[in-house]
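In our numbering, the protein residues as written are 56 to 575. Quick reminder that beta carbons are idealized off the backbone N, C-alpha and C, glycines included. None of the values given here were measured: they were computed from a predicted structure. In what follows, a single structure is set out as structure tokens and then discussed.
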């Protein structure tokens, strides 16, 4: 084997009988260790190595999201660590887990530990073909030389395989990619200069492009190195990025993102990075980039490639520490605001509520209380949550953090179905969580009316300033939506703002020329 045989611990020699298992090298990926084992085992076929490690001859190790890791840990006797260690320390999965909810992250880990190949990319919100294009095998030429000097073999580093990392931060050299387009190559091989090539466009990198590559790699490796208990909330990320975009003049006064201007600024900042899908899987062309940015900043869609969030953060913030500090401040300030909003709501008294409390203390069910009080069961559940009657029955699967987040999204105008999809809970639990805060619906309605009132007033007043000679009828035709809304909700202001009008005099105009009378 070119480069020599890596060192093998003596106690590992008899692990598989005739085969041996190499030890972990610093920063080595799981796929790299599988490749080294295949070469050390002497198996003539990759199917034999796959049968020994994975328990099946039809499965090959994916370098980005390997599966059947519970089987690997069991067959190796835990020498390599359990499946959780392999996933979080030897794959690129932690970068994606940092942007998922806790429930979805556990589903991804469970899928990688098992053999749920079909659903893992669906849980990540990615397509398998798109993942293959965006996650090629990469290696640094200087690291390969250093690894051969230190360990007698060149291997795949986990940090080099991260999406968005295209430069080695130790040697400041662009990474080379494997020739195979398939992320599960038919042959398990270690990095070799003959099978690596520079990506298209790297040869023309300027000093600015190199600086941008280092800047993005800092953000990607920072997210990859976050503690296991830390994860980003997509709603807080949207708020933080929106606040930064507003400071740069990329959001209108009505709160609408200037997507075309944002896309142009984004492409101008990243330069050569956006020339192909291998650098940014979500935006190889201006049209796809504009579409991806629009989906990310729209709260109706919550599944995005982590590189999209990180490239936006690197575009808007000076360094990773500043981004983390601003995110934490934004998250804590939003929680304080939610508490202050909830504390201002008032509870309306209802004589049936006291009787409902007595029924719940006696152990009555929701259906029995509904029959006794003559109220629908949905109303009974709302009262139970609102007044803390048998609250544990209704909100058993909803914690306080999810309730606060659902309330904040609801007050911002998000429909309940979208809130349920974003928080990964049932829409019925969203309704119960909102009902736990009395007056939330009235508060949202009042806030919505206030913003509409201000917008329609401004529209009508602008039309009057631009066309001062228009009467009431012409003004009503000029801005029908504003006129109709103000007529129904703000008639007093509308009457004070409109010009004085009176009944129009009808003029009896007779047709010119001779008059004819027809009689039958």
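Between the C-alpha atoms of residue i and residue j, what's the straight-line distance to the nearest angstrom?
{"i": "residue 463", "j": "residue 154", "result": "20 Å"}
{"i": "residue 204", "j": "residue 130", "result": "31 Å"}
{"i": "residue 178", "j": "residue 79", "result": "29 Å"}
{"i": "residue 534", "j": "residue 515", "result": "7 Å"}
{"i": "residue 120", "j": "residue 510", "result": "49 Å"}
{"i": "residue 95", "j": "residue 104", "result": "10 Å"}
{"i": "residue 233", "j": "residue 193", "result": "6 Å"}
{"i": "residue 429", "j": "residue 547", "result": "41 Å"}
{"i": "residue 162", "j": "residue 364", "result": "22 Å"}
{"i": "residue 164", "j": "residue 385", "result": "29 Å"}
{"i": "residue 244", "j": "residue 143", "result": "23 Å"}
{"i": "residue 250", "j": "residue 196", "result": "12 Å"}
{"i": "residue 290", "j": "residue 549", "result": "38 Å"}
{"i": "residue 341", "j": "residue 368", "result": "19 Å"}
{"i": "residue 74", "j": "residue 106", "result": "Annotation note: pLDDT 41 at residue 74 (below 50); position unreliable, no value reported."}
{"i": "residue 412", "j": "residue 420", "result": "12 Å"}
{"i": "residue 186", "j": "residue 381", "result": "Unreliable positioning characterises residue 186 in this predicted model, as indicated by a pLDDT of 45, which lies under 50. The coordinate reading is nonetheless provided below. Their backbone Cα atoms lie some 30 Å apart in a straight line."}
{"i": "residue 238", "j": "residue 215", "result": "Residue confidence for residue 238 is low, a pLDDT of 45 falling below 50, so the modelled location carries little weight; the figure read from the coordinates is stated next. When rounded, the distance between both Cα atoms is 14 Å."}
{"i": "residue 431", "j": "residue 406", "result": "16 Å"}
{"i": "residue 311", "j": "residue 507", "result": "15 Å"}
{"i": "residue 485", "j": "residue 461", "result": "7 Å"}
{"i": "residue 362", "j": "residue 255", "result": "20 Å"}
{"i": "residue 307", "j": "residue 317", "result": "12 Å"}
{"i": "residue 314", "j": "residue 326", "result": "18 Å"}
{"i": "residue 282", "j": "residue 152", "result": "11 Å"}
{"i": "residue 476", "j": "residue 489", "result": "15 Å"}
{"i": "residue 540", "j": "residue 552", "result": "14 Å"}
{"i": "residue 288", "j": "residue 206", "result": "41 Å"}
{"i": "residue 122", "j": "residue 442", "result": "47 Å"}
{"i": "residue 396", "j": "residue 459", "result": "Confidence at residue 396 is low in this model, with a pLDDT of 40, below 50, so the placement of that residue should be treated as unreliable; the coordinate-derived value is given next. Straight-line Cα distance between these residues: approximately 10 Å."}
{"i": "residue 157", "j": "residue 139", "result": "15 Å"}
{"i": "residue 198", "j": "residue 88", "result": "17 Å"}
{"i": "residue 132", "j": "residue 77", "result": "14 Å"}
{"i": "residue 224", "j": "residue 434", "result": "59 Å"}
{"i": "residue 99", "j": "residue 112", "result": "13 Å"}
{"i": "residue 544", "j": "residue 427", "result": "39 Å"}
{"i": "residue 285", "j": "residue 269", "result": "24 Å"}
{"i": "residue 150", "j": "residue 323", "result": "26 Å"}
{"i": "residue 538", "j": "residue 410", "result": "47 Å"}
When DSSP builds the beta bridges, which residues end up paired with residue i?
{"i": "residue 228", "result": "223"}
{"i": "residue 312", "result": "306"}
{"i": "residue 177", "result": "Per DSSP, none; premise fails for residue 177."}
{"i": "residue 194", "result": "231"}
{"i": "residue 212", "result": "83"}
With distances taken between CB atoms, is the gap from residue i to residue j smaller than 8 Å?
{"i": "residue 530", "j": "residue 518", "result": "yes"}
{"i": "residue 375", "j": "residue 277", "result": "yes"}
{"i": "residue 274", "j": "residue 217", "result": "no"}
{"i": "residue 82", "j": "residue 212", "result": "yes"}
{"i": "residue 208", "j": "residue 301", "result": "no"}
{"i": "residue 175", "j": "residue 168", "result": "no"}
{"i": "residue 159", "j": "residue 84", "result": "no"}
{"i": "residue 124", "j": "residue 147", "result": "no"}
{"i": "residue 101", "j": "residue 93", "result": "yes"}
{"i": "residue 352", "j": "residue 299", "result": "no"}
{"i": "residue 415", "j": "residue 378", "result": "no"}
{"i": "residue 622", "j": "residue 134", "result": "Any answer about residue 622 is impossible in this case: the structure gives the chain only from 56 up to 575."}
{"i": "residue 474", "j": "residue 438", "result": "no"}
{"i": "residue 267", "j": "residue 328", "result": "yes"}
{"i": "residue 554", "j": "residue 512", "result": "no"}
{"i": "residue 222", "j": "residue 265", "result": "yes"}
{"i": "residue 271", "j": "residue 366", "result": "yes"}
{"i": "residue 118", "j": "residue 170", "result": "no"}
Shorter than 7 Å, the distance from the beta carbon of residue i to the closest heavy atom of the ligand NAP, or not?
{"i": "residue 121", "result": "The ligand NAP is absent from the structure shown, which contains no ligand whatsoever."}
Return no unless some Cβ of chain B is closer than 8 Å to the Cβ of residue i.
{"i": "residue 326", "result": "The displayed structure is made up of one protein chain only, and chain B is not part of it."}
key: Any alpha helix (DSSP H) of 4 or more consecutive residues that is wholly inside the region 232-293   = 262-279
inquiry  = Does the structure place the region 254-267 close enough to the region 343-352 that three or more beta carbon pairs sit under 8 Å?
reply    = no
task = Taking 8 Å as the threshold, find out whether the region 226-234 comes into contact with the region 289-298 through three or more Cβ pairs.
result = no
ask   = Where in the region 337-379 do unbroken runs of the alpha helix (DSSP H), each at least 4 residues long, occur, reported from the N-terminal end onward?
value = 341-351 and 361-371
Runs of alpha helix (DSSP H) wholly within the region 414-441 (minimum 4 residues, chain order) = 421-428 and 432-441
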